[in-house]
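2 protein chains.
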Amino acid sequence: MVAQPELDFAVSTAQQVYRWLREEILRGNLIPGARLSESEISGRIGVSRQPVREAFIRLAADGLAEIRPQRGTYISRISVSAVMCARFIREAVESDLSRKVAARADAEMVRRFEAEIAAQRRALSREDAVEFVNLDDRFHRLLAVEAGEDAVWSVLEGLKSQMNRLRHITVKAFDAHKLIDQHEAIVDALRAGDADAAEAAMRRHLCEVLHDLPEIQKRAPDLFCP
Amino acid sequence: MVAQPELDFAVSTAQQVYRWLREEILRGNLIPGARLSESEISGRIGVSRQPVREAFIRLAADGLAEIRPQRGTYISRISVSAVMCARFIREAVESDLSRKVAARADAEMVRRFEAEIAAQRRALSREDAVEFVNLDDRFHRLLAVEAGEDAVWSVLEGLKSQMNRLRHITVKAFDAHKLIDQHEAIVDALRAGDADAAEAAMRRHLCEVLHDLPEIQKRAPDLFCP
DNA sequence: GCCTCCCGACTGGTATGGAAGTATGCATTC
DNA sequence: GAATGCATACTTCCATACCAGTCGGGAGGC
């Protein structure tokens, strides 16, 4: 981690440090287990320890960092059980969202989903993995929006971010082709207005990490809690 | 708010102030829209402003408080859309949990659920509303535990807390008899090992707030965002 | 060699003062 | 009387200083 953020004095320092660190963690530039030092960071970006400290507190609330009193602050390692938990919740929620969207799908809405999939294929052909992860977020977000449950996404986003950390870190490990095909299967069901099929396709899609996880865990064991 | 917490010097001050304030908010002793002051609170419990400030930050991360820069910190008002969102997620997740529990229910497990319901009836007969809300938490928590998804509860807890604020504030507004009967219907389905029935009973149970919410909103409009 | 103890260099936690922004009441002006 | 300007008393935010707990290394004793 050599980069440092450019400070904008319009918003509070603590807020900016928080956003910057969060971004660095989610992108995998700060790897699980790495140590964060209040004084080191504050010294580097030229502010006092206090705002940095407050950023740490917010990261800890997000589950992205772990503050060990009088000992140090560390990027939290990925907990397998937390990932499984996030997956379970996503499967439950997004399958319900799929049903709801399938029930109200129209031609215009289907076009919006198709546009997203087209964008995913373009990103894949450019082998732009970071962009693909962003587009994957957008696809799942669109599902919440079209279900008329925008607010649900903000909760899912927090859960999904834990899973995305895995992807950014081991960016080549997942098969984007397969994921896009699964997205397509979901959209097919939406187009047909078939709620059962949409739910089934979504559940199948969200089982995917169950396949990837052991592989990733074997390849990079120290990213995970013991 | 006249009470004040007793400080235990084993855990950090900030942590204790956070827990204390959180409890006060969830119990409805601090009502939505009320103002929080760093200096007022710190002066009252005899600590410096810093730990109080850090507690505020954590409350804001939970969505329980709102920090308006240079203006003040306020107990956040309840957002109807946030409650609806929490309800949606709970319905999706807990109906899946119900299915899973129904599939693996045995006599011993059913006894544990029955014991919870008995406790609920006792609390009701004592008209102990606070205890009843606690027991309601425990019932839904037990469901997650028996499904083997303990970690899911911690996410649900955050969502449920927003809904519980409503109950503590307008504590007489809900019909505990009806809720217990619905709990019983869920346990009946678990006893029968009938996943479909368990899911249906849970969904019906979690639709309950849809009935209560407009009534509560009409009765206490300034607890809600405009 | 091995263990124990102690010292120093860290860590996060707390206290406090001051800077900057905001709301409010009052005097002044039109 | 209505509107404007201003002093003042707040607020959060940041910087600084100090405290206490933790960890690691080296000296000394066995």
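Quick note, the sequences are listed as chains X and D, same order.
First residue of the first sequence? That's 1 in the UniProt record's numbering, and the numbers climb one at a time after it.
First residue of the second sequence? That's 1 in the UniProt record's numbering, and the numbers climb one at a time after it.
We treat Cβ as the ideally placed atom computed from N, Cα and C, and that holds for glycine.
Report the start-end ranges of each beta strand (DSSP E) in the UniProt domain "HTH gntR-type" (11-78) of chain X that is 3 residues or longer and not cut off at the edges. 65-68, 72-75
Can you list, in chain order, the residues of its chain whose CB lies under 8 Å from that of D/Val145, leaving out five sequence neighbours each side? Here residue 145 of chain D is taken as the residue at index 145 of the second sequence, counted from 1. The residues are Trp153.
Tell me the rounded alpha-carbon separation between X/Val155 and D/His140. Residue mapping note: residue 155 of chain X aligns to position 155 of the first sequence, counting from 1. Residue mapping note: residue 140 of chain D aligns to position 140 of the second sequence, counting from 1. Between X/Val155 and D/His140, the C-alpha separation is close to 20 Å.
Any beta carbon of chain X sitting closer than 8 Å to that of D/Phe88? Walking along the second sequence from the start, residue 88 of chain D turns up at place 88. Closer than 8 Å to some Cβ of chain X, the Cβ of D/Phe88 qualifies, so yes.
Nearest-angstrom Cα separation, counted from X/Glu108 out to X/Ile117: As a working note, residue 117 of chain X is residue 117 in the first sequence. As a working note, residue 108 of chain X is residue 108 in the first sequence. If you take the alpha carbons of X/Ile117 and X/Glu108, they lie about 15 Å apart.
N- and C-terminal bounds of the alpha helix (DSSP H) containing D/Glu116: Walking along the second sequence from the start, residue 116 of chain D turns up at place 116. Its alpha helix (DSSP H) spans residues 107-125.
Going along the chain, which residues of its own chain have a beta-carbon closer than 7 Å to the beta-carbon of X/Arg53, five neighbours each way excluded? One-based indexing of the first sequence puts residue 53 of chain X at position 53. Excluding sequence neighbours, X/Arg53 sits near Glu38.
Look up D/Phe224 in the DSSP assignment and give the residues it is bridged to. Stepping through the second sequence from its first residue, residue 224 of chain D is reached at position 224. Answer is D/Ile78, bridged to D/Phe224.
Mind checking D/Asp136: buried by the 16 CB within 10 Å criterion, or exposed? To locate residue 136 of chain D, count along the second sequence from 1; it is residue 136. By the neighbour-count rule (16 or more Cβ atoms within 10 Å), D/Asp136 is buried.
C-alpha distance - D/Ala14 paired with X/Ala60, whole-angstrom precision: Start at 1 with the first residue of the second sequence, and residue 14 of chain D comes out as number 14. Start at 1 with the first residue of the first sequence, and residue 60 of chain X comes out as number 60. Going by the C-alpha atoms only, they are around 14 Å apart.
Name the chain D residues whose beta carbon is nearer than 7 Å to that of X/Ser81? Position 81 of the first sequence, counted from the first residue, corresponds to residue 81 of chain X. Per Cβ cutoff of 7 Å: Ala151.
Cα-Cα, which of X/Ser98, X/Asp175, X/Leu124, X/Arg167 is closest to X/Ala200? What you label residue 200 of chain X is simply residue 200 of the first sequence in a count that begins at 1. Among X/Ser98, X/Asp175, X/Leu124, X/Arg167, the Cα nearest to that of X/Ala200 is on X/Ser98.
Quick one: does D/His85 have its CB under 8 Å from some CB of chain X? Position 85 of the second sequence, counting from 1, holds the residue named residue 85 of chain D. As written in the sequence, residue 85 of chain D is Cys, which differs from the His given in the question. Yes, its Cβ sits closer than 8 Å to a Cβ of chain X.
X/Ala185 - containing alpha helix (DSSP H), residue span: If you number the first sequence from 1, residue 185 of chain X lands on position 185. Where X/Ala185 is concerned, the enclosing alpha helix (DSSP H) stretches over 176-192.
What is the DSSP secondary structure of D/Asp212, reduced to helix, strand or coil? Start at 1 with the first residue of the second sequence, and residue 212 of chain D comes out as number 212. Helix.
Cβ of X/Cys225 within 8 Å of any chain D Cβ: As a position in the first sequence, residue 225 of chain X is number 225, starting the count at 1. Judged by the 8 Å Cβ criterion, X/Cys225 is not in contact with chain D.
D/Ala198 lies in the alpha helix (DSSP H); which residues open and close that run? Mapped onto the second sequence, residue 198 of chain D falls at position 198. D/Ala198 -> alpha helix (DSSP H) spans 195-206.
Secondary structure at D/Glu149, three-state DSSP: helix, strand or coil? Taking the second sequence and counting its residues from 1, the one referred to as residue 149 of chain D is at position 149. Here D/Glu149 sits in coil by DSSP.
Less than 8 Å separating the beta-carbons of D/Val80 and D/Leu213? Locating residue 80 of chain D in the second sequence gives position 80, where the first residue counts as 1. Locating residue 213 of chain D in the second sequence gives position 213, where the first residue counts as 1. Yes.
Below 8 Å on the Cβ atoms is my guess for X/Glu114 versus X/Val187; work out the distance and round it to an integer in Å. Taking the first sequence and counting its residues from 1, the one referred to as residue 114 of chain X is at position 114. Taking the first sequence and counting its residues from 1, the one referred to as residue 187 of chain X is at position 187. Right, the Cβ-Cβ distance comes to about 7 Å (below 8 Å), so this counts as a contact.
Check the C-beta distance from X/Ala102 over to X/Ala220 and give it rounded, since I have them as a contact under 8 Å. If you number the first sequence from 1, residue 102 of chain X lands on position 102. If you number the first sequence from 1, residue 220 of chain X lands on position 220. That belief does not hold up - the Cβ atoms of X/Ala102 and X/Ala220 are roughly 37 Å apart, past 8 Å.
So, for X/Leu206: in the same chain, excluding its five sequence neighbours on each side, which residues have a beta-carbon less than 7 Å away from its beta-carbon? Counting from 1 along the first sequence, the entry for residue 206 of chain X is found at position 206. The answer, listed in chain order, is Arg87, Arg90, Glu91, Glu94.
Might you give, ordered along the chain, the residues of its own chain that have their beta carbon closer than 6 Å to the beta carbon of D/Leu210, omitting 5 neighbours on each side? Within the second sequence, numbered from 1, the residue matching residue 210 of chain D stands at position 210. So no residue of the chain qualifies.
Less than 8 Å between CB atoms is the rule here; does X/Val93 satisfy it with respect to chain D? Residue numbering aside, residue 93 of chain X sits at position 93 when the first sequence is read from its first letter. Chain D contact via Cβ: present.
For the stretch 109-143 of chain X, enumerate the residues whose C-beta is nearer than 7 Å to any C-beta of chain D, in chain order. none
Looking at the C-beta of D/Asp96, does it have a partner C-beta in chain X at a distance below 8 Å? In the second sequence, residue 96 of chain D corresponds to position 96, counting from 1. Answer yes: the Cβ-Cβ gap between D/Asp96 and chain X drops below 8 Å somewhere.
Outcome for D/Cys225 when other beta-carbon atoms lying within 10 angstroms are tallied against a minimum of 16: Here residue 225 of chain D refers to the residue found at position 225 when the second sequence is read from its first residue. Exposed, since its Cβ has fewer than 16 Cβ neighbours within 10 Å.
8 Å is my cut-off, CB to CB: does X/Glu199 come that close to chain D? Within the first sequence, numbered from 1, the residue matching residue 199 of chain X stands at position 199. Judged by the 8 Å Cβ criterion, X/Glu199 is not in contact with chain D.
Can you give me, in chain order, the residues of the UniProt domain "HTH gntR-type" (11-78) of chain D that have a beta carbon less than 7 Å from any beta carbon in chain X? Ser12, Glu54, Ile57, Arg58, Ala61, Pro69
Neighbourhood of D/Ala34 by C-beta, 6 Å cutoff - its chain only, sequence neighbours within 5 removed: Here residue 34 of chain D refers to the residue found at position 34 of the second sequence. So the qualifying residues of the chain are Ile75.
Label X/Pro51 either buried or exposed according to how many other C-beta atoms from any shown protein chain fall within 10 Å of its C-beta, with 16 as the threshold for buried. Against the first sequence, residue 51 of chain X aligns to sequence position 51. X/Pro51 is buried by the Cβ-count criterion.
By how many angstroms is the C-alpha of D/Gln16 removed from the C-alpha of D/Glu66? Taking the first residue of the second sequence as 1, we reach residue 66 of chain D at position 66. Taking the first residue of the second sequence as 1, we reach residue 16 of chain D at position 16. Spanning the two alpha carbons is a distance of roughly 19 Å.
Straight-line CA distance for D/Glu149 to D/Ile45? Here residue 149 of chain D corresponds to residue number 149 of the second sequence, with the count starting at 1. Here residue 45 of chain D corresponds to residue number 45 of the second sequence, with the count starting at 1. Cα to Cα, D/Glu149 sits roughly 39 Å from D/Ile45.
Contacts of X/Val187 in chain D (Cβ-Cβ under 8 Å): Along the first sequence, read from residue 1 onward, the residue named residue 187 of chain X stands at position 187. Under the 8 Å cutoff, chain D gives no residues; its nearest Cβ is about 21 Å from X/Val187.
Cα-Cα separation between X/Asp96 and X/Ala151, rounded to whole angstroms: On the first sequence, position 96 is the one that residue 96 of chain X refers to. On the first sequence, position 151 is the one that residue 151 of chain X refers to. Cα-Cα distance, rounded: 15 Å.
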